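In terms of our numbering, the sequence shown is residues 12 to 217. Here a beta-carbon is modelled for each residue, glycine too, at the ideal position from N, C-alpha and C. Remember, predicted model here, so these are calculated numbers, not experimental data.
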Amino acid sequence: MKYVASLLLSLFFLSACGKDDAGATKDASTQAGIDSMKANMQAVYEIMGSGNLDELDKYIAADFVEHQLAPGYPEGLEGMKKFMTDLRVAYPDMKMTVEDIVAEGDQMAIRFRMTGTNTGDFMGMKATGKSVNVEGVDWIRVKDGKGVEHWGYMEEMKMMTQLGMMPGGEGMGEAPAEGAAPAEGAAPAEGAAPAEGEKKDSGTGA
Numbered sequence: 012m013k014y015v016a017s018l019l020l021s022l023f024f025l026s027a028c029g030k031d032d033a034g035a036t037k038d039a040s041t042q043a044g045i046d047s048m049k050a051n052m053q054a055v056y057e058i059m060g061s062g063n064l065d066e067l068d069k070y071i072a073a074d075f076v077e078h079q080l081a082p083g084y085p086e087g088l089e090g091m092k093k094f095m096t097d098l099r100v101a102y103p104d105m106k107m108t109v110e111d112i113v114a115e116g117d118q119m120a121i122r123f124r125m126t127g128t129n130t131g132d133f134m135g136m137k138a139t140g141k142s143v144n145v146e147g148v149d150w151i152r153v154k155d156g157k158g159v160e161h162w163g164y165m166e167e168m169k170m171m172t173q174l175g176m177m178p179g180g181e182g183m184g185e186a187p188a189e190g191a192a193p194a195e196g197a198a199p200a201e202g203a204a205p206a207e208g209e210k211k212d213s214g215t216g217a
């Protein structure tokens, strides 16, 4: 009886160890897959920064779905390449840097930074000669080691401001400070006294 009990106890521990080993192997395999996904996407941003866009074939599926497709660009990987080509014409010194990257299952979130100087036209906008430094977030679905779907956003308002295309940007006109006199030729603010020498309308026609 003691022998049977001892045997059962041994089998229990062996079974438990086997489960732990299997779990550890599965966890290691899952982590290896996630690490591979991260490395692949890191490579994508480096490629976009370098301009060697043919290398994207290794990491992005041909039928890649872009949910923020820019007007006038085709769908799929070719559309992505054309967009990045045009962007690099506008920003020849463009750099893409991954700041943070998180992956779980087949989904990835990447926070990136784009820097560059706008010396070329882009999507109908003339070159400004100004530099940009903005962040963005990409959400990517991965299948068979390649990106197959993308959602994302970038600090577009901040970018437009840095380019001088929005109020507050360098070179843009600013509203006068409170209490300051309006610029020469500008109409006085509502309720303000007319400047010396101006005829005051009394409403009598005089």
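- Distances from the alpha-carbon of G163 to those of N144, R122, D155 put R122 closest.
- E146 is the residue among A101, E146, D68, F94 whose C-alpha sits nearest the C-alpha of R124.
- When beta bridges are read from the DSSP output, K157 appears opposite K154.
- If one requires a minimum length of 4 residues, the alpha helix (DSSP H) runs lying completely within the segment 59-124 are 87-101, in chain order.
- The bridge partners DSSP lists for D46 come to none.
- With contacts defined by Cβ atoms closer than 8 Å, G175 and T139 form a contacting pair.
- Within 10 angstroms of the beta-carbon of G60 lie 16 or more other beta-carbons, which makes it buried.
- Of the candidates L80, A50, L98, G87, G87 places its Cα closest to the Cα of D74.
- Straight-line measurement puts the Cα of A54 at about 13 Å from the Cα of K106.
- With fewer than 16 other Cβ atoms inside 10 Å of its own Cβ, K69 counts as exposed.
- Between the C-alpha atoms of S142 and D111 there is a straight-line separation of about 23 Å.
- Annotated three-state conformation of N144 is strand, per DSSP.
- Distance from the Cα of V109 is smallest, within the candidate group E166, E57, D132, for E57.
- Beta-bridge partners of M177 (DSSP): none assigned.
- The DSSP-derived three-state label of T41 is helix.
- Taking C-alpha positions only, A43 is separated from M134 by approximately 40 Å.
- Separation of the CB atoms of M48 and V159 is rounded to 12 Å, and the pair is thereby denied contact status at 8 Å.
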